[in-house]
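All residue numbers in the sequence shown are consecutive under the working numbering, ending with 271. Even glycine gets a Cβ: it sits at the ideal position worked out from N, Cα and C. Please read these numbers as outputs of a predicted model, since none were measured by experiment.
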Amino acid sequence: MKDYLEIANSSFLWFSALPITLTVIIQAVIFTKRAFNSVELVDLTREDANKAFKVGAVSAIGPALGVFVVMLGLMAVIGGPLAWMRLSIIGAAPTELAAAGMAAKAMGMELTSPEYGLLEFSNAAWVMALNGGAWLLFTGLFTDKVEGLTNKIYNGDPKKVGILMIAAMCGAFAYLFGNELIKILNPETAAYAVAGISAGISMIFLERAAKKYPKLGEYNLGITMIIGMFFAVLFTKLV
């Protein structure tokens, strides 16, 4: 049933998402003004500040394209308002996509399942909100305590902290990727596995290319998603 998309894309949800997105825009304007007003404190000229702003704006295009591609995929499942709002305030496209996928799995189905309906959409909205809310709650309450705890556990070695964080993320996404690989055993769902495998292989080559062309790394996520979708469609048409 795709009738839930009428609610997911309703005017009410668009207006509900608007205040939060406007808040983000207002915050960006405030931070930008304060940054320009503080140039003298760090011995920068107005010309230096303008140049830094332009460099930052151009550098943001790459990551934004990756987020945009993910937003298109999310819009097809959870509608435009929720996808727009979530990626406006979080911006972590893989995290939001993973949260939506986990919400669907908790209901016993996939994001692309024909049975995906209003109840599953509601569950996705809750999971994505609680996921982001937990970050904000933890940051507000424990930011000042994390540094001391980190020093006690890892003796102040930032490399060990980085390894733990990377290992945790690799484990979470490997679990999600493994669930997609299993689908290759079923002809009806094999296209999902093809998309994952082709995207994974392309990411390996793109990461190697990014070492030689660092700016390419900003576009890797969006490019691999497009490649995965292309091969999934090609596989469906041919097989």
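Of the residues V87, L106, A89, F63, the one whose Cα lies closest to the Cα of N41 is L106.
For I236, the uninterrupted alpha helix (DSSP H) segment begins and ends at 222-244.
Runs of the alpha helix (DSSP H) spanning 4 or more residues and lying entirely within the region 104-131 occur at 112-121, in chain order. In this structure, the beta-carbon distance from A130 to A204 falls below 9 Å. Comparing alpha-carbon positions, the option among V109, V178, I122, S70 lying closest to T144 turns out to be V109. Of the candidates G112, V61, P219, K65, the residue whose Cα lies closest to the Cα of L45 is G112.
A residue is called buried once 16 or more other Cβ atoms fall within 10 Å of its Cβ, and S70, having fewer, is exposed. The beta-carbon distance between A264 and A227, rounded to whole angstroms, is 4 Å. This is short enough to meet the 8 Å contact definition.
Collapsing the DSSP output to three states places T256 in a helix. Counting along the chain, T64 sits inside the alpha helix (DSSP H) bounded by residues 43-69. Nearest neighbour of M117 by Cα position, chosen from I57, L73, V178, E72, turns out to be I57. Our two residues, F68 and A89, have alpha carbons roughly 15 Å apart in a direct line. Per the Cβ contact rule, the region 75-85 is not in contact with the region 132-142 (fewer than 3 Cβ pairs under 8 Å).
Going by beta carbons, I216 and I229 fall inside the 9 Å limit. Exposed is the label assigned to A138, since fewer than 16 other Cβ atoms lie within 10 Å of its Cβ. Between C202 and L208, the alpha-carbon positions lie close to 10 Å from each other. Inter-segment contact for the region 253-260 and the region 232-239 is present: three or more beta-carbon pairs are separated by less than 8 Å. Ranked by Cα distance from F100, the first of F85, T64, E128 is E128.
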